[in-house]
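In short: position in the sequence shown from 1, add 8, done, that's full-length UniProt numbering. All residues carry an ideal CB built from backbone N, CA and C; glycine is no exception. Owing to the predicted nature of the structure, the values given are computational and were not obtained by experimental measurement. Scroll down for the structure; my scribbles are underneath it.
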Amino acid sequence: KAARKVAVLPGDGIGPEVMKEALKVLKRTAELFPKCAMTFEHGNIGGAGFDAHGEHFPAVTKALCERSDAILFGSVGGPVQEQHMPKWKDCEKNSLLGLRKAFDLAVNVRPAKVYPTLAHCSPLRSELLKDGVDMVIIRELLGGIYFGEHTTEGDSAKDVCTYTVAQIRRPLEFAFQAAKGRKGKLTVVDKANVLDTSRLWRKVATEMAKDHPEVTMDFMYVDNAAMQLIKAPASFDVICTENMFGDILSDAASVLPGSLGLMPSASLGSKLYLYEPSGGSAPDIAGKGVANPAAQILCGAMMLRYSFGEEAAAAAIEAAVDQAILSGVLTGDIAPPGTKSVSTSVFGDAVVAAMKA
Ligand code: NAD
Ligand code: IPM
Ligand code: MN
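In structure tokens, the structure reads:
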């Protein structure tokens, strides 16, 4: 079997630092699992694309993706206070939203898991986590307010939120299937007390639920969901929601295990898929060698699972990350206050060392 071609787009901020560790782990994976041979070709995206080619999503980068079997994405964007500078203006929209649109990446999968043994890394009281937390957020990625019309006229600005039945069905279909392979519980999060788009989501979900009697579905308003995620995190299994609610809730859920640096994501579409940490370029810690590379490493596992069907190799990476963390190799974002933390590359090395075929 020919080696799979991976387009590697490290991007900005901590992107290149955490990508380096993910590639170390993937190379080790290919040694242990010879079926997983991969080639890695790098491309510029985001601010890095702007520096190299004057564009956030250069044509050469798009061409690289088109000839690849999967896209491993780091993060894009500059410091939050510098959004207006030419290098950063519209960077995330042009690059990341551009990629999602170009490759029809409609379904975004964001898992959050807390092991009772690691409850001390979470900012939550450990009794809230004693039942273990294991949820996955399925976020619609190509609709809603992100892709509606955006206009500014004089003193007013407008962002339009639109959904079609077909757009709603795609993440929900994935969510029902995911629930079947898990605890069988699906929570559809919306704001149906106010929004027409949310009412349409409810209608579509209710109809689809008839075809999935083995799944227990319920609805929850997004404001309550934000609260329940923190208050009763063990009560969730699969959450499915629209684009912006999913963006916000997934950052909130990442704090359950302790950090955004632990949450990978897979963006699935019709053919070529993209894997990106749920968090951003973290300008506050970029260049210091302290970022947690776990999310980027776990993106590699998701790529092996969803793009290449290599479940054993994916599970081996996940087990190695678990083992590194369980053995107390912790980056600063999850090391309990007053304890010693390790660098980005030491964590990566620990994962490589823990890899087993
Ligand atoms: P952010 O996710 O970059 O950072 C939020 C906080 O989480 C920061 O304190 C950061 O240090 C921490 N953090 C994030 N990832 C971490 C990791 N791997 N290890 C340790 N700590 C980590 O969000 P922000 O500060 O709001 O945004 C910064 C830039 O990133 C902006 O330009 C934003 O648009 C962009 N962004 C990009 C993506 C993406 O590329 N997928 C996602 C979110 C934000
Ligand atoms: C994410 C990010 C992006 C989003 C931004 C950078 C456009 O926050 O992937 O969660 O909002 O989708
Ligand atoms: Mn986000």
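Looking at residue 7: is its Cβ nearer than 7 angstroms to the Cβ of Tyr-123? As shown, the chain starts at 9 and ends at 365. That puts residue 7 outside it, with no answer to give.
Member of Gln-304, Asp-255, Val-354 and Ala-302 whose CA lies at the smallest distance from the CA of Tyr-154: Asp-255
Inter-residue Cα distance where the pair is Gln-175 and Glu-74
23 angstroms
For Met-225, does the three-state DSSP call read helix, strand or coil?
-> strand
Output the distance between the C-alpha atoms of Asp-139 and Trp-209, rounded to the nearest integer angstrom. 31 angstroms
Q) Under the three-state reduction of DSSP, which class applies to Cys-169: helix, strand or coil? A) coil
For this session: Mind checking which residues open and close the beta strand (DSSP E) that includes Asn-52?
Result: Taken as a continuous stretch (DSSP letters only), Asn-52 belongs to no beta strand (DSSP E), as it is neither H nor E.
- Is it right to say Met-235 is buried, meaning 16 or more other beta carbons lie within 10 angstroms of its own, or is it exposed? exposed
TODO: Using only alpha-carbon positions, find the residue among Lys-28, Leu-338 and Ala-290 that is nearest to Gly-85.
DONE: Ala-290
Q: Could you have a look at Phe-184 and say whether DSSP puts it in helix, strand or coil?
A: helix
CB contact flag (Leu-268, Ser-275, <7 angstroms): no
Pro-24 versus Asp-341, Gly-297, Leu-280 and Cys-99, residue with shortest Cα-Cα distance = Gly-297
Query raised in the report: Just curious, the beta strand (DSSP E) that Ile-79 is in, first and last residue?
Result: 78-83
Q: Just mark His-64 as buried or exposed, buried being the case when its beta carbon has 16 or more other beta carbons within 10 Å.
A: buried
So which of Ile-79, Asp-77 and Arg-177 has the shortest CA-CA distance to Val-115? Arg-177
Q) For Val-360, does the three-state DSSP call read helix, strand or coil? A) helix
task = Name the residue from Ala-309, Gly-346, Ile-342 and Thr-347 whose alpha carbon lies nearest to the alpha carbon of Met-363.
result = Ala-309
### Query
Does the separation of the CB atoms of Leu-98 and Ala-56 fall below 7 angstroms?
The sequence shown places Asp at residue 98, rather than the Leu named in the question. Going by C-beta atoms, Asp-98 is not nearer than 7 angstroms to Ala-56.
Original post:
Just curious, the beta strand (DSSP E) that Cys-248 is in, first and last residue?
Top reply: 246-249
Any idea what DSSP makes of Pro-241, helix, strand or coil? helix
Euclidean distance between Cα positions of Met-93 and Thr-205: 34 angstroms
By the 10 Å Cβ neighbour count, where 16 or more other Cβ atoms means buried, how is Glu-215 classified, buried or exposed? exposed
**Prompt:** So the beta strand (DSSP E) Ala-365 belongs to, where does it begin and stop?
**Reply:** Ala-365 -> no beta strand (DSSP E), and no H or E assigned at all.
- Does the beta-carbon distance from Val-359 to Val-329 come in below 7 angstroms? yes
- Message: For residue 3, which residues in the same chain have their Cβ closer than 7 angstroms to its Cβ, ignoring the five residues on either side in sequence?
- Response: With the chain covering 9 to 365 only, the question about residue 3 has no answer from this structure.
Exercise for review: Return the residue from the list Gln-185, Pro-272 and Phe-227 that minimises the CA-CA distance to Pro-221.
Suggested key: Gln-185
* **7 angstroms CB neighbourhood of residue 379 in its chain, flanking five on each side removed** => This structure leaves residue 379 out entirely; the chain is present only between 9 and 365.
>> Looking at the strands, I want to know which residues DSSP matches up with His-158.
In response: Asp-167
Arg-108 beta carbon less than 7 angstroms from that of Leu-72
no
key: Environment of Asp-59 [buried if 16+ CB atoms lie within 10 Å]   = exposed
Task: Nearest candidate by alpha-carbon position, reference Cys-44, set Leu-194, Leu-264 and Ala-11 - done: Ala-11
Going by beta-carbon coordinates alone, are Ile-247 and Ile-145 separated by less than 7 angstroms?
yes
- Message: Quick check on DSSP: helix, strand or coil for Lys-218?
- Response: coil
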